[in-house]
Structure formats: C-alpha cells, structure tokens
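J.: Can you read through this structure? Questions will come right after.
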Amino acid sequence: MKTKTLILSVFIALCMVSCENQNGKHEESENSEATQHDTIAENHEGKKHWSYEGETGPSHWAELEKEGVCDGVNQSPINIITKDVVVDPSLKTVEINYSSTTKIHDVLNNGHTIQYNVDKGDFITYNEEKFDLAQIHFHSPAEHTINGVRYPIEIHLVHKNANNQLAVFSVMAQEGESNKTFEFLESYLPVAKDETKTVDASCDLNLNLPKDKKYFYYVGSLTTPPCTEGVNWFVFNSTITISVEQVKKLQELMPINNYRPENPLNGRIVKTK
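Below, the structure is given as structure tokens:
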C-alpha cells in the first residue's frame with residue numbers, strides 16, 4: 561500500500577512539473593510575439609524620411625520612397641561634358657518673362673532647402689507652352705556639374721504649366737561680388753526648420769540670371785524624392801556671383817551638402833542652340 565502511495569505521489573509531482581514547463585513556454589511564446597508585434601509597429605509608424613547622408617541618403621532613396629522613381633533611367637542631376645553637347649539649331653528658344661517686381665509671397669525652411677514661393681505673374685514660354693514661375697530654392701554645393709566642376713551654389717527656379725509639367729532653370733553661383741537680389745532674399749533669413757515666414761514684397765529675379773542666357777537643355781527629373789521624370793532642364797552656361805557671406809548664410813540654414821550626386825545619361829542627349 562505504501563509503495564502504491566509513493567508511486568502515485570511521484571506521478572502527480574511529474575505532472576505538476578510538466579504543466580509548469582508548458583505554461584512557461586506559452587508565456588515565453590506570447591512575450592516573443594508581443595515583442596515582434598511592437599517592433600513591426602515601430603518600424604511601420606517610424607518610416608525613415610529621406611535625407612542627404614547615411615542610410616537615408618541618395619543611394620537609399622529608391623527603397624525609402626517606393627512610390628517614386630528614384631531608380632529611373634532619366635534622372636537628374638547630371639555631369640554636362642561640353643564636348644559631348646549637341647548643337648541643335650532647331651532647339652526651341654525659351655522666352656523669359658520676368659517682371660522687375662516679382663512678388664515673393666513667403667519663405668520656408670522645409671528641412672532640405674530654403675524655398676521662396678512667388679505669386680503668379682512671372683513665366684517662361686518654351687515650345688509654345690507657358691510655364692508659370694512657382695518657387696526658387698537652393699543647393700550647396702551645386703547638383704549639376706559642368707565638365708566635373710561643382711560650384712558653391714546652384715539656384716533652381718521651378719516653373720509649372722497648366723498640365724503640371726515642369727521646367728527648371730539651373731543657375732550656378734560662384735563666390736565674388738555681392739548680389740542685390742540675394743541681399744533682398746537673405747534679409748528675410750534666418751528661418752528655422754519647418755518655419756514659414758511671410759515676405760509679401762517684390763524683387764527683381766532677372767538679377768539672379770546670368771547676362772548670357774545660353775543654356776544646356778536636357779530632359780531629366782526632380783532631384784529630390786519622388787524624383788519624378790519628364791522635367792525640362794535649362795542649365796545656364798554662365799554663372800552669377802554672390803559674396804562669401806551670402807554663401808555662408810545659406811549654408812548655415814540648409815543640411816550640409818544638400819545635393820544629389822550626378823546620374824548617368826543613359827543615352828540621353830544634352831543640347832544647346
């Protein structure tokens with residue numbers, strides 16, 4: 561009788577140990593699943609935003625912005641090799657219709673660049689299409705290079721037509737004499753990141769264009785995500801000058817090296833008239 565009682569006691573003890581082990585495994589499994597769920601939720605909610613360096617820099621834009629075309633074959637900027645540029649007498653002339661009193665609506669710091677938005681009025685005409693000037697912004701150093709030369713500042717003047725197609729003027733600035741229009745624009749700086757400041761004043765943007773209006777033309781893309789293609793690019797051959805102080809003032813407010821590296825032409829032709 562004592563033997564039977566002992567065997568029964570051992571059996572009950574083994575059952576209890578087994579149940580405890582199973583409960584421990586179940587709790588461990590639940591904790592593991594919860595941790596995994598939290599990690600997935602964190603990754604989903606904390607989607608990384610593109611930047612100009614590291615794991616969110618230009619080489620990762622295509623994977624970060626999957627709805628864009630940053631891995632497309634007609635991307636900007638490019639390195640323009642002047643000896644390879646095709647002289648095309650039939651290339652349409654771009655007509656510039658800028659007032660001497662362009663109305664600047666506001667200035668904003670979007671964390672990637674300093675951007676001035678303009679009121680409707682100034683426009684260009686290309687290939688019988690009217691493109692209204694929408695905004696101007698800056699990259700330092702320049703995004704486009706000419707024969708491998710990268711200038712301290714590149715100005716983009718962005719125009720849009722009725723079909724939302726884009727035409728962008730690219731103006732290179734090198735250090736030299738102070739620029740009056742830059743003096744006006746920079747008088748509204750600094751602007752903190754994500755801040756928009758009302759300007760509601762006029763300036764002459766013609767002074768931000770080189771006197772020699774010859775340009776290189778090619779079809780490319782936006783130089784920031786989503787890197788939309790089909791953009792008409794007019795890269796002016798000649799430069800303008802701005803002072804060292806003006807360059808530094810812009811650089812202090814923008815990310816360091818806020819430029820996208822050059823992209824291959826992939827068979828595209830750069831033209832000039």
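Read in order, the letters of the sequence shown are residues 561 to 833 in our numbering.
Glycine included, every Cβ here is placed at the ideal spot set by N, Cα and C.
1. Going by alpha carbons, who is nearest to Gly681 out of Val804, Ser659, Asn687?
2. Tell me, please, which residues DSSP counts as bridged to Ser781.
3. Under three-state DSSP, which class holds Ser619?
4. Considering Cα atoms alone, identify which of Pro785, Lys831, Val804 is closest to Glu623.
5. Mapping DSSP to helix, strand and coil, what is Asp760?
6. Spatial neighbours of His665 within its chain, please: CB distance less than 7 Å, with the 5 preceding and 5 following residues excluded, ordered by chain position.
7. State yes or no: is the C-beta of Thr799 within less than 8 Å of the C-beta of Cys763?
8. Between Lys652 and Val779, what straight-line distance do the alpha-carbon atoms span, to the nearest angstrom?
9. Cutting at 7 Å between CB atoms, please list the residues of its own chain near Asn818, excluding the five before and the five after it.
10. Return the CA-CA distance between Val751 and Ala722, expressed in angstroms with no decimal places.
11. Looking only at DSSP bridge pairs, what is Glu655 linked to?
12. Measure the alpha-carbon distance for Gln806 versus Lys753 and round it to whole angstroms.
13. Secondary structure at Leu741, three-state DSSP: helix, strand or coil?
14. Say whether chain D places a C-beta atom closer than 8 Å to the C-beta of Val795.
15. Below 8 Å CB to CB, which residues in the same chain sit around Leu745 once its five sequence neighbours on both sides are set aside?
16. What are the boundary residues of the beta strand (DSSP E) that Leu825 is part of?
17. Identify, in the order they occur along the chain, each residue of the same chain with its Cβ nearer than 6 Å to the Cβ of Leu687, setting aside the five sequence neighbours on each side.
18. Roughly how many whole angstroms lie between the Cα atoms of Phe796 and Val654?
19. How is Asp772 classed by DSSP in three states: helix, strand or coil?
20. Between Ala733 and Ile684, is the Cβ-Cβ spacing less than 8 Å?
21. Count the other CB atoms within 10 Å of the CB of Glu755; is the residue buried (16 or more) or exposed (fewer)?
22. Could you check if Thr642 is buried or exposed, using at least 16 other CB atoms within 10 Å of its CB as the buried criterion?
23. Where Leu867 and Phe729 are concerned, what is the direct C-alpha to C-alpha distance, given to the nearest angstrom?
24. Nearest CA to the CA of Lys831: which residue from Lys773, Val645, Asp772, Ile640?
25. Taking C-beta to C-beta, are Pro637 and Glu789 nearer than 8 Å?
26. Secondary structure at Leu749, three-state DSSP: helix, strand or coil?
27. Please classify Asn707 as buried or exposed, where buried requires at least 16 other C-beta atoms within 10 Å of its C-beta.
T.: Looking at the atomic coordinates:
1. In the sequence shown, residue 681 corresponds to position 121, counting from 1. Measuring from the Cα of Gly681, the nearest candidate turns out to be Ser659.
2. Residue 781 sits at position 221 when you count from the first residue of the sequence shown. Looking at the DSSP assignment, Ser781 forms a beta bridge with Glu789.
3. Taking the first residue of the sequence shown as 1, we reach residue 619 at position 59. Looking at Ser619 - three-state DSSP - the assignment turns out to be helix.
4. Reading the sequence shown from its first residue, position 63 is the one you call residue 623. Glu623 has its Cα closest to that of Pro785, out of Pro785, Lys831, Val804.
5. Indexing the sequence shown from 1 puts residue 760 at position 200. Correct three-state label for Asp760: strand.
6. As a working mapping, residue 665 is identified with position 105 in the sequence shown. Asn677, Val678, Asp679, Val759, Asp760.
7. In the sequence shown, the residue the question calls residue 799 occupies position 239. In the sequence shown, the residue the question calls residue 763 occupies position 203. No, Cβ-Cβ distance for Thr799 and Cys763 is not below 8 Å.
8. In the sequence shown, residue 652 corresponds to position 92, counting from 1. In the sequence shown, residue 779 corresponds to position 219, counting from 1. Answer to the nearest angstrom: the Cα atoms are 14 Å apart.
9. Position 258 of the sequence shown holds residue 818. Taking Asn818 as the centre and dropping the five residues before and after it, the same chain places the C-beta of Tyr612, His672, Thr673, His699, Ser700 closer than 7 Å to its C-beta, in chain order.
10. To locate residue 751, count along the sequence shown from 1; it is residue 191. To locate residue 722, count along the sequence shown from 1; it is residue 162. Distance between the alpha carbons of Val751 and Ala722 is about 31 Å.
11. Within the sequence shown, numbered from 1, the residue matching residue 655 stands at position 95. The partner list for Glu655 (beta bridge, DSSP) reads Thr685.
12. Walking along the sequence shown from the start, residue 806 turns up at place 246. Walking along the sequence shown from the start, residue 753 turns up at place 193. Looking at the two C-alpha atoms, the distance is approximately 19 Å.
13. For this step, residue 741 is matched to residue 181 along the sequence shown. The sequence given here has Thr at residue 741, not Leu. Thr741 falls in the helix class under three-state DSSP.
14. Annotation note: the requested chain D is absent from the structure, which comprises a single protein chain.
15. The sequence position of residue 745 within the sequence shown is 185, counting from 1. Within the same chain, Leu745 has close Cβ partners Ile664, Val667, Tyr676, Cys763.
16. Working through the sequence shown from its first residue, we reach residue 825 at position 265. For Leu825, there is no enclosing beta strand (DSSP E), since its DSSP letter is neither H nor E.
17. Taking the first residue of the sequence shown as position 1, residue 687 is located at position 127. Here the sequence assigns Asn to residue 687, which means Leu is not the residue at that position. Only residues of its own chain outside the window of five on either side were considered, and among them Lys652 have a CB closer than 6 Å to the CB of Asn687, listed in chain order.
18. Locating residue 796 in the sequence shown gives position 236, counting from the first residue. Locating residue 654 in the sequence shown gives position 94, counting from the first residue. Each residue's CA atom was taken as its position, placing Phe796 and Val654 some 12 Å apart.
19. Counted from its first residue, the sequence shown places residue 772 at position 212. In the displayed model, Asp772 falls within coil according to three-state DSSP, outside both helix and strand.
20. Residue 733 sits at position 173 when you count from the first residue of the sequence shown. Residue 684 sits at position 124 when you count from the first residue of the sequence shown. Taking 8 Å as the cut-off, the beta carbon of Ala733 is found no closer than this to the beta carbon of Ile684.
21. Within the sequence shown, residue 755 is the residue found at index 195, counting from 1. Label assigned to Glu755: exposed.
22. To locate residue 642, count along the sequence shown from 1; it is residue 82. Result: exposed.
23. Residue numbering for the chain in the displayed model covers 561 to 833; residue 867 lies beyond these limits and cannot be assessed.
24. For the purposes of this step, residue 831 is taken as the residue at position 271 of the sequence shown. It is Val645.
25. For this step, residue 637 is matched to residue 77 along the sequence shown. For this step, residue 789 is matched to residue 229 along the sequence shown. Not closer than 8 Å, so no.
26. Within the sequence shown, residue 749 is the residue found at index 189, counting from 1. Coil, per DSSP.
27. Mapped onto the sequence shown, residue 707 falls at position 147. So Asn707 ends up on the exposed side.
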